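Trainee:
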Amino acid sequence: MHSGLPAAIAYFSPEFGITAALPQYSGGLGILAGDHLKAASDLGVPLLGVGLLYRHGYFRQSLSREGWQQEHYPLLDPNELPLTHLCEADGRPVRVTLTLPGGRPLSARVWQAQVGRVPLLLLDSDLEENGPGERDVTDRLYGGGSEHRLRQEMLLGIGGVRAVRAYCRLTGHAEPEVFHTNEGHAGFQGLERIRELVADGADFDAAHEAVRAGTVFTTHTPVPAGIDRFDRELVARHFGDDAELPGIEAERILALGMETYPGGEPGLFNMAVMGLRLAQRANGVSILHGRVSREMFAGLWPGFDPEEVPITSVTNGVHAPTWTAPEVARLGARQFGHLPDGELWELRRTLRKRLIAEVRRQLYDSWRQRGAGTAELGWIDGVLDPDVLTIGFARRVPSYKRLTLMLRDRDRLTRLLLHPERPVQIVVAGKAHPADEGGKRLVQELVRFADDPRVRHRLVFLPDYGMGMAQRLYPGCDVWLNNPLRPLEACGTSGMKAALNGGLNLSVLDGWWDEWYDPDFGWAIPTADGEAVDETRRDDLEAAALYDLLERRVAPCFYDRGPEGLPGRWIGMVRRTLTTLGPRVLADRMVREYVDRLYVPAARSHRALDPSAAAGLATWKARLRAAWPGVAVDHVEAQPTPPSPGGAAELGSLLSLRVWVRLGGLDPADVAVQAVAGRVDDADRITDATHVPLAPASDPDAEGRLRYEGTLALDRTGPFGYTVRVLPVHRLLAHPAEAGLIAVPSRTTSEAAGVLMR
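Residue numbering for the sequence shown is 28 to 785, as defined by this note's numbering.
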């Protein structure tokens with residue numbers, strides 16, 4: 028796969044969607060984690076998954092007669108699941124133990140699932156030796172209050188590392204060189220690895236550097252509200268000499284999660300902030316989400332523009348064998364380029380018919396659970412039509428995903444559903460979080476509309492959305508609908524799964540659709556964002572745009588039949604989706620990008636940061652931070668060639684720079700002095716910047732200043748400007764902004780560094 032591949036990668040996630048038979052997921056985060064493991068297995072990437080085994084999993088959903096979501100938590104018996112115990116050499120099950128406040132033990136056993144070639148370790152606290160509170164730590168996914176969640180995340184991170192160590196000791200599996208944290212929930216794994224190094228004699232700062240070098244952190248949320256934040260005192264109580272991680276000062280731990288940026292709350296411990304401080308490499312899950320994440324976390328790197336914040340992006344992908352219908356998989360992407368239109372259209376109709384049969388069965392079961400008698404349900408036999416344009420919408424139900432946007436103008440939606448020549452039919456599914464009353468109201472609103480006898484044969488809501496339902500839903504839908512509030516959908520992989528089966532996407536330009544939208548693959552719903560548009564007005568405008576697209580473009584394209592009764596334009600879009608878009612959305616592509624751009628560089632850094640190098644880097648950073656207040660850009664001179672008598676430089680001329688810099692006792696080898704040049708926007712900020720190194724050109728003068736020189740080529744028209752800056756440099760830094768230190772000209776010094784051309 029790659030010559031520099033790590034010996035092993037430990038992949039931590041709070042949930043894993045592997046199979047419907049192992050319900051340990053709530054939504055996209057877990058499904059993504061499951062697909063990541065499967066693709067790693069397919070490619071031979073030495074991944075080792077780490078999670079928790081929730082005795083009740085995530086909830087099962089049903090509906091009351093009034094359409095209100097009801098939750099059920101069936102007890103799972105691990106002995107009836109595809110799991111085995113991780114056992115010591117003498118056959119005793121492995122125990123992982125944490126210490127809770129007051130010295131109380133929290134023990135967990137380790138279950139093992141095999142995901143192809145990838146082992147998945149799941150920790151389970153439901154043990155008789157635990158007290159009642161400790162037994163319930165792994166009771167259910169995303170349940171309980173703050174303290175419950177904190178203990179779950181301690182068990183996942185700290186206990187997870189201990190489980191990995193036990194697994195490697197017992198099986199001979201290579202120790203991980205890279206630790207990948209899938210969202211902030213597992214961030215405590217970095218603290219446990221610091222503790223291990225401190226126990227071996229390292230000081231905290233050197234251990235921190237060594238751990239950072241081999242850690243990758245993936246953020247999945249584009250909104251601060253989606254991040255776990257705990258009361259500072261609650262966290263402090265769980266660490267220290269009578270709790271977990273003795274020997275490490277609680278204040279050092281608390282500092283890692285402190286919101287030190289403007290607007291941050293000093294009384295809270297932020298798991299994503301800790302995740303970023305414990306990882307040398309971080310990424311969002313689409314290009315747009317990477318940009319949003321850089322803006323959201325820019326306060327952790329003061330002085331740097333958001334585009335320079337060290338958070339990259341790897342766009343999510345989906346595991347084709349899991350999500351592709353067998354008929355589609357047998358043909359393969361290459362054959363779709365040659366399959367006759369008639370056969371491709373018949374394949375789509377076959378998948379639609381299968382979905383309709385499944386919908387009728389599930390709808391019947393749902394109505395029986397809601398209390399309806401058999402005699403009331405004859406209408407279900409006529410629900411949906413195998414020759415009608417079928418739209419799918421299925422996902423979790425937080426408010427930003429806008430489950431009910433389609434209901435904004437009910438009369439207009441009804442006309443679309445019942446159109447005499449070009450009707451549409453919609454299949455909807457989704458769960459609201461048990462504590463989200465607003466989300467439950469959205470579900471009820473949708474269900475009540477779907478219960479209306481006028482439209483219930485054209486719009487259905489299926490309760491208990493999960494992997495099993497999804498695997499039948501994606502292939503059978505002609506169009507996959509996604510209408511979140513942009514840019515709040517980090518990636519949104521459901522539309523990818525539809526595309527693998529020839530489904531076209533109808534979506535707001537958010538997440539992955541923002542970077543891969545093409546008229547050959549579907550339609551973009553215009554967004555009405557902007558400061559002048561309030562939320563209600565925005566929903567009205569975007570719903571109207573959705574109706575317009577369905578009425579004027581999507582439905583006419585589906586029903587526009589040629590001489591042979593086939594929709595030629597539609598079939599062409601299906602074909603191009605399968606042959607061109609399908610290969611892009613694969614989890615294989617995603618995992619290869621993680622290997623090339625994150626895992627291999629992290630392994631390289633891990634190997635370079637041996638104890639001596641880590642101690643040296645920590646010492647250098649301490650010296651750097653102490654000296655940095657004395658680092659300054661003292662004076663800037665610029666001379667255009669040829670000379671520019673009017674004051675504004677001309678296109679094609681050169682600018683000779685001379686910059687006097689104070690280094691505050693640092694060595695010139697500790698810093699880089701750069702000119703930053705580029706277009707200037709309306710707010711006089713430099714955009715689309717290029718960085719030109721300036722070279723030291725003198726010994727220190729009488730005031731201790733060094734002169735740096737260099738040349739800028741003025742090669743762009745329009746407003747163009749420059750500034751200069753000083754950055755720390757070290758061979759073991761992964762990114763210029765990593766140290767979070769920068770020196771730029773003061774307001775008085777910067778008069779010579781400004782706009783050159785208008």
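We put the beta carbon where it would ideally sit given N, CA and C, even for glycine.
Keep in mind the model is a prediction, meaning the values are calculated, not measured.
1) Return the Cβ separation of L79 and L150 in integer angstroms, given the expectation that the two are a contact with Cβ distance under 8 angstroms.
2) Say the cut is 7 angstroms; is the CB of A47 nearer than that to a heavy atom of the ligand FAD?
3) Could you work out which residue in G522, E42, H757 and A402 is closest to I58 when comparing CA atoms only?
4) Is it the case that the stretch 190-200 contacts the stretch 151-169, given that we only count it when at least three CB pairs across the two stretches are under 8 angstroms?
5) Quick one, are the C-beta atoms of L759 and Q701 less than 8 angstroms apart?
6) Which residues bound the alpha helix (DSSP H) around P638?
7) Measuring CA to CA, which of D230, H446, G405 and P502 is closest to A649?
8) Suppose you measure from the CA of V424 to the CA of D408; what does that come to, to the nearest Å?
9) Report the option in D412, W647, R611 and V386 whose CA atom is closest to the CA atom of V455.
10) Tell me the DSSP bridge mates of M285?
11) Here's the rule I'm using: 16 or more other beta-carbon atoms within 10 Å means buried, otherwise exposed. How should Q666 be labelled?
12) Taking D615 as the reference, give the member of D69, D412, A35 and A48 with the closest Cα.
13) With DSSP as the reference, label G767 as helix, strand or coil.
14) When DSSP labels each residue in this structure, what does S89 get in the three-state scheme?
15) Once you ignore the five residues that flank Q498 on each side, which residues in its own chain have a CB closer than 7 angstroms to its CB?
16) Out of L133, P450 and F476, state which residue places its alpha-carbon closest to the alpha-carbon of R437.
17) In angstroms with no decimal places, state the Cα-to-Cα distance between P337 and R321.
18) Can you give me the start and stop residues for the beta strand (DSSP E) that H247 sits inside?
19) Which residue wins for smallest C-alpha separation from E210, given the options F244, A201 and A240?
20) Using the Cβ count rule (16 or more neighbours within 10 Å means buried), how would you classify N528?
21) If I measure Cβ to Cβ from L434 and keep anything under 8 angstroms in the same chain, skipping five residues before and after, which residues do I get?
22) Can you tell me where the alpha helix (DSSP H) with T441 in it begins and where it stops?
23) Mind checking whether R706 and G745 have CB atoms under 8 angstroms apart?
24) Any idea if A35 is buried or exposed, counting beta-carbon neighbours within 10 angstroms, 16 or more meaning buried?
25) Please classify P772 as buried or exposed, where buried requires at least 16 other C-beta atoms within 10 Å of its C-beta.
26) Using the rule of at least 16 other Cβ atoms within 10 Å of the residue's Cβ for burial, across every protein chain shown, is N106 buried or exposed?
27) Could you have a look at Y509 and say whether DSSP puts it in helix, strand or coil?
28) Determine the burial state of S340: buried for a count of at least 16 other Cβ atoms within 10 Å of its Cβ, exposed for fewer.
29) What whole-angstrom Cβ distance do L390 and V487 have, given they're in contact under 8 angstroms?
30) Which residues in the same chain have their Cβ closer than 7 angstroms to the Cβ of A770, if we skip the five residues on either side of it in sequence?
31) Relative to the C-alpha of I45, which candidate in S639, P73 and G84 has its C-alpha closest?
32) Could you check how far apart the C-beta atoms of R167 and Y100 are, in whole angstroms? I think they sit under 8 angstroms.
33) In terms of alpha-carbon separation, which member of A421, V622, A724 and G241 lies closest to A630?
34) Do you know offhand how far Y501's Cα is from A525's?
35) Using beta carbons (cut-off 8 angstroms, strictly below), is R308 in contact with chain D?
36) Give the DSSP-derived three-state secondary structure of I383 in the structure shown.
Mentor: A quick look at the data gives this:
1) 5 angstroms
2) The ligand FAD is not among the ligands present in this structure, which contains no ligands whatsoever.
3) E42
4) no
5) no
6) P638 to A654
7) D230
8) 28 angstroms
9) V386
10) F296
11) exposed
12) D69
13) coil
14) strand
15) W350
16) F476
17) 8 angstroms
18) It is not in any beta strand (DSSP E) - H247 carries neither H nor E in the DSSP assignment.
19) F244
20) buried
21) L440, E472, L473 and F476
22) R437 to L444
23) yes
24) buried
25) buried
26) exposed
27) Residue identity check: residue 509 is Asn in the sequence provided, not Tyr. Residue state, collapsed to three classes: strand.
28) buried
29) 6 angstroms
30) V658, A659, V660, R752 and V753
31) G84
32) 6 angstroms
33) G241
34) 5 angstroms
35) You won't find chain D in this structure, because it holds only one protein chain.
36) helix
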